[in-house]
Amino acid sequence: MLRGTAAINLDAKGRLTMPTGYRDLLIAQSDGKLVATIDINRACLMLYPLSQWQIIEQKLMLLSDFEPGEAAIKRLILGNANNCDMDKNGRVLLPAPLRLHAGLEKKLMLIGQVNKFELWDEALWQSQMQQDLDIARALDFSSSNRLKELAL
2 MLRGTAAINL DAKGRLTMPT GYRDLLIAQS DGKLVATIDI NRACLMLYPL SQWQIIEQKL
62 MLLSDFEPGE AAIKRLILGN ANNCDMDKNG RVLLPAPLRL HAGLEKKLML IGQVNKFELW
122 DEALWQSQMQ QDLDIARALD FSSSNRLKEL AL
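The opening position of the sequence shown corresponds to residue 2 in our numbering, with each subsequent residue numbered one higher.
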């Protein structure tokens, strides 16, 4: 399970070093093979272990190439998907177009999301966190069965 938040850096070659706590898990889950793609709703990247990406890919295959909305989603997610394998030092090279989409420069945040990571520019992440906190504080938890069941 991928969870937690880690502050990491992007080097001059466009590589991040995966925190050591995740390396063994990623090697066990997917032999260190990862797939990165854009998030179509936010300025961040999604970084999947290959085993989890294959589940997403199966779902994307079910979308129509003839329905414009579904075709657009397939094109965006699959068209931007890149293999980003971890090297023996735990480094992952992110392609330049993906870095550009998410505005990734030097300081990054790696956010565990159970089956994938989100990869954010640190300043954008701080802004997103504040937006999420504002939304969460305004929520009426009693209006959603799923939120009521969460009962933190």
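Cβ coordinates follow ideal geometry from the N, Cα and C atoms, glycine included.
This one's a predicted model, so the numbers in the text were calculated from it and none came from an experiment.
Alpha-carbon to alpha-carbon, T6 and A29:
20 Å
CA-CA distance, P50 and S145?
31 Å
By a C-beta neighbour count over all protein chains shown, 10 Å radius and 16 as the cutoff for buried, is T21 buried or exposed?
exposed
Pick helix, strand or coil for M47, following the three-state DSSP scheme.
strand
Hey, how far is the Cα of A37 from the Cα of M47?
6 Å
With a CB to CB cut of under 8 Å and the five nearest residues on each side skipped, what residues in its chain are close to L148?
L140 and F142
Ends of the beta strand (DSSP E) at G113?
K108 to G113
In angstroms, rounded to a whole number, what distance separates the CA positions of D135 and D122?
20 Å
Spatial neighbours of W54 within its chain, please: CB distance less than 6 Å, with the 5 preceding and 5 following residues excluded, ordered by chain position.
V36
Under 8 Å between C-beta atoms of E150 and D40:
no
Reference N42, options Y23, K14, I74 and S52, closest by Cα
I74
Using CA atoms only, rank isn't needed, just tell me which of M2, A8 and H102 is closest to K108.
A8
Suppose you measure from the CA of L64 to the CA of A82; what does that come to, to the nearest Å?
16 Å
Evaluate S31 with the Cβ neighbour count: other Cβ atoms within 10 Å of its Cβ, from every protein chain shown; 16 or more gives buried, anything less gives exposed.
buried
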